[in-house]
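Chains as they are written, first to last, in my numbering: chain A, 381 to 598; chain B, 1101 to 1293.
Ideal placement from N, C-alpha and C gives every residue a C-beta, glycine not left out.
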Amino acid sequence: MGNLTKDKAETGFMATLRNSPSTDEFIKGLWRENPVFVQVLGMCPTLAVSNTAMNAMAMGLATTFVLLMSNMLVSSLRNFIPKQVRIASYILIIASFVTVTDYLIQAISIDLHKSLGAFISLIVVNCVILGRAEAFASKNNMGRSFLDGLGMGLGFTFALFCLGGVRELLGNGSIFGFALFPDSFQEWIIMILPAGGFFTLAAWLLFFNALKEKRAKA
Amino acid sequence: MKSESLWYIFINASLINNFVLAYFLGICPFLGVSGKMGTATKMGGAVTFVMLISSMCAYGIHSLLIAINAPFLQLISYIVVIASTVQLVEMFIKKMSPALFRALGIFLPLITTNCAILGLALFQTNKGYGFVESFVYALGAGAGFTFALVLMAGLREQLDFADVPSVVKGAALTLLIAGILSLSFMGFAGLGS
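Next comes the structure, spelled out in C-alpha cells:
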C-alpha cells in the first residue's frame, strides 16, 4: 500500500506533510502503515478489549504509552545491546513498562483495571510493540523513534476505537456509555460477544480493501 | 475453586472458553500458519508443549514470588521462562526436522509473543490453580488451540479451490471464517454447568 500511494504525484497539505521526513514518521503510523488495518498486527488485544469504546480507548492509550517508552529506551540503548540477545532485551524492557502501566491503571481506576483484566499484562506480547522495537527503534535515533512510537500508538488507538465504537453502538446502543438510540432499539448482542469482534474487524478490512481496489483502478 | 473437577477444567479450557475463539488469544499464529493442515497440527503440538512447560514453571515462580514478597516481578519472570522454552523448542525442531523448521518460519520464534501462552500463565495464577490443575488447564488450552488451528486449516485448504471475490481475499476472509467458528463454539456454553 505504501508504494501505491507514493508512486502517484501528490499535491496539497498531506503531501507537504509527507515530504518532510520527521512528520512522515508520525503520519505513516496513523494511516498508510496503520498497525491494525494495514499490517494486521496486534490482533489479540484489538479483538479482545474492543467490546466497548471506553475499553478500546483505554487499551489504545496504555499501548501507546508502552510503545513510546519502549521505543525511546530501545533506541537510546541500541548501541549497547548485543545483537544475539536483542529480542530478549526488548521483551524485558517492554515487560518492565507494562508492569508500570498495570500498576498505574490500578491506581487510576479499579473498575477499568477489572474490565481490561489480564489484557493489560498481555500488552507485553503485542506484536506491534516488539515489531516497532526490532524494525524501527533499533535502527533510528531517539527523536525519530519517539515520533514513530507516537504515530503507531495513535494509529493503533484509532483502529481500536473504530472497532470498539461500532461494537458498542450496535451491541449496546450507546457510545462511551451514553445511550444513542431510543429504548425500542433491539441490541445486537452478538456484537459484544467474541464472534462480533471477528465480524467487525472483517467488515473494516473489507471496507479498506474495497477502497484500495477502487483507488488502484482509478 | 476446589469444586472444579479436572475434567471440567480441561473441557472449559479447550471447548467452552476456547483460547482462540472465545478469549482471542494467539490470533497471530491462528491467522498466520493455518494455511496448511500439516503445519497447523505441528504448530499446535509445539505450542502445546511450550504451554505445558511454561505453565508448570509459572506455578513454581508464582509460589516463589509470593514467598519473597515480590509479585511485581511476575510478568517479567513469566516472559523470560516462555522465551527460554521457545528457544529450546526451536533448537529441538531445527535438529530433528529442518523441513518443519522452514515451514514454520518466523512463526516459531514468534511463539514467544503468542499471547495464549502468557495468557495461560496469568489466568492460572488469577484462578489460583494448584499444580495438577495448572497442568490440566495447560493441556486443555493446548488442545483447544490445536483444535481451532486444525479446523481453520481444513476450511482454508478447501477455500483454495473456491472462487472468492478479490476484495474478500486474505485476512478479511480468514476473519470471517473465524467469526463463524466462534459462533459455533458458543454452542458449547451449556457444557459442564
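Among the residues of its own chain, which have a CB less than 7 Å from the CB of residue i, if the five just before and after it don't count?
i: residue 1215 of chain B; result: 1125, 1126
i: residue 1187 of chain B; result: none
i: residue 429 of chain A; result: 435, 436, 439, 496, 499
i: residue 483 of chain A; result: none
i: residue 1139 of chain B; result: 1133, 1203, 1204
i: residue 556 of chain A; result: 433, 434
Report yes if the CB atom of residue i is closer than 8 Å to the CB atom of residue j, and no otherwise.
i: residue 498 of chain A; j: residue 1226 of chain B; result: yes
i: residue 488 of chain A; j: residue 442 of chain A; result: no
i: residue 1221 of chain B; j: residue 1158 of chain B; result: yes
i: residue 522 of chain A; j: residue 415 of chain A; result: no
i: residue 1246 of chain B; j: residue 1144 of chain B; result: yes
i: residue 1149 of chain B; j: residue 1248 of chain B; result: no
i: residue 1240 of chain B; j: residue 1110 of chain B; result: yes
i: residue 542 of chain A; j: residue 1213 of chain B; result: no
i: residue 1291 of chain B; j: residue 1161 of chain B; result: no
i: residue 537 of chain A; j: residue 444 of chain A; result: yes
i: residue 458 of chain A; j: residue 402 of chain A; result: no
i: residue 504 of chain A; j: residue 1210 of chain B; result: no
i: residue 468 of chain A; j: residue 1183 of chain B; result: yes
i: residue 530 of chain A; j: residue 406 of chain A; result: yes
Name the DSSP beta bridge partners of residue i, please?
i: residue 554 of chain A; result: A/559
Taking only the alpha-carbon atoms, compute the straight-line gap between residue i and residue j and give it to the nearest angstrom.
i: residue 391 of chain A; j: residue 1252 of chain B; result: Model confidence at residue 391 of chain A stands at a pLDDT of 49, short of 50, so the residue's coordinates are unreliable; what they give is reported in the following sentence. Taking the straight line from one Cα to the other gives about 45 Å.
i: residue 1137 of chain B; j: residue 427 of chain A; result: 25 Å
i: residue 1278 of chain B; j: residue 1123 of chain B; result: 13 Å
i: residue 575 of chain A; j: residue 1283 of chain B; result: 6 Å
i: residue 562 of chain A; j: residue 1281 of chain B; result: 32 Å
i: residue 420 of chain A; j: residue 510 of chain A; result: 14 Å
i: residue 528 of chain A; j: residue 422 of chain A; result: 16 Å
i: residue 568 of chain A; j: residue 585 of chain A; result: 21 Å
i: residue 1232 of chain B; j: residue 1224 of chain B; result: 11 Å
i: residue 535 of chain A; j: residue 409 of chain A; result: 5 Å
i: residue 1141 of chain B; j: residue 1268 of chain B; result: 26 Å
i: residue 1151 of chain B; j: residue 1289 of chain B; result: 24 Å
i: residue 582 of chain A; j: residue 1198 of chain B; result: 35 Å
i: residue 1168 of chain B; j: residue 424 of chain A; result: 32 Å
i: residue 1185 of chain B; j: residue 502 of chain A; result: 18 Å
i: residue 589 of chain A; j: residue 1147 of chain B; result: 32 Å
i: residue 544 of chain A; j: residue 1228 of chain B; result: 31 Å
i: residue 1200 of chain B; j: residue 492 of chain A; result: 43 Å
i: residue 431 of chain A; j: residue 578 of chain A; result: 11 Å
i: residue 461 of chain A; j: residue 1193 of chain B; result: 27 Å
Counting only C-beta atoms, is residue i closer than 8 Å to chain A at any point?
i: residue 1160 of chain B; result: no
i: residue 1279 of chain B; result: yes
i: residue 1226 of chain B; result: yes
i: residue 1150 of chain B; result: no
i: residue 1246 of chain B; result: no
i: residue 1213 of chain B; result: yes
i: residue 1101 of chain B; result: Any reading at residue 1101 of chain B must be qualified, since the residue scores a pLDDT of 47, below 50, and its modelled position is unreliable; no value is offered.
i: residue 1286 of chain B; result: yes
i: residue 1237 of chain B; result: no
i: residue 1267 of chain B; result: yes
i: residue 1223 of chain B; result: yes
i: residue 1275 of chain B; result: yes
i: residue 1131 of chain B; result: yes
i: residue 1240 of chain B; result: no
i: residue 1282 of chain B; result: yes
i: residue 1157 of chain B; result: no
i: residue 1219 of chain B; result: yes
Can you list, in chain order, the residues of its chain whose CB lies under 6 Å from that of residue i, leaving out five sequence neighbours each side?
i: residue 1106 of chain B; result: 1236
i: residue 477 of chain A; result: 446, 449, 450
i: residue 1255 of chain B; result: 1277
i: residue 571 of chain A; result: 547, 550, 551
i: residue 1181 of chain B; result: 1154, 1157
i: residue 1190 of chain B; result: 1208
i: residue 1234 of chain B; result: 1155, 1159, 1224
Can you list, in chain order, the residues of its chain with a C-beta nearer than 8 Å to that of residue i? Leave out the 5 residues immediately preceding and following it.
i: residue 1273 of chain B; result: 1259, 1264
i: residue 1165 of chain B; result: 1171, 1173, 1174, 1177
i: residue 513 of chain A; result: 450, 451, 454, 470, 473, 474
i: residue 565 of chain A; result: 553
i: residue 1244 of chain B; result: 1113, 1114, 1115, 1118, 1119, 1120
Examine the ligand ZN and report whether any of its heavy atoms sits within less than 7 Å of the Cβ of residue i.
i: residue 437 of chain A; result: As presented, the structure is devoid of all ligands, the ligand ZN included, so that no description of it is given.
Spell out whether any CB of chain B is found under 8 Å from the CB atom of residue i.
i: residue 542 of chain A; result: no
i: residue 589 of chain A; result: yes
i: residue 533 of chain A; result: no
i: residue 363 of chain A; result: Nothing can be reported for residue 363 of chain A: it is not among the residues displayed for chain A, which extend from 381 to 598.
i: residue 578 of chain A; result: yes
i: residue 457 of chain A; result: no
i: residue 484 of chain A; result: no
i: residue 449 of chain A; result: no
i: residue 465 of chain A; result: no
i: residue 508 of chain A; result: no
For a cutoff of 8 Å on Cβ pairs, would you count residue i as touching chain D?
i: residue 1179 of chain B; result: No chain D appears in this structure, whose protein chains are A and B.
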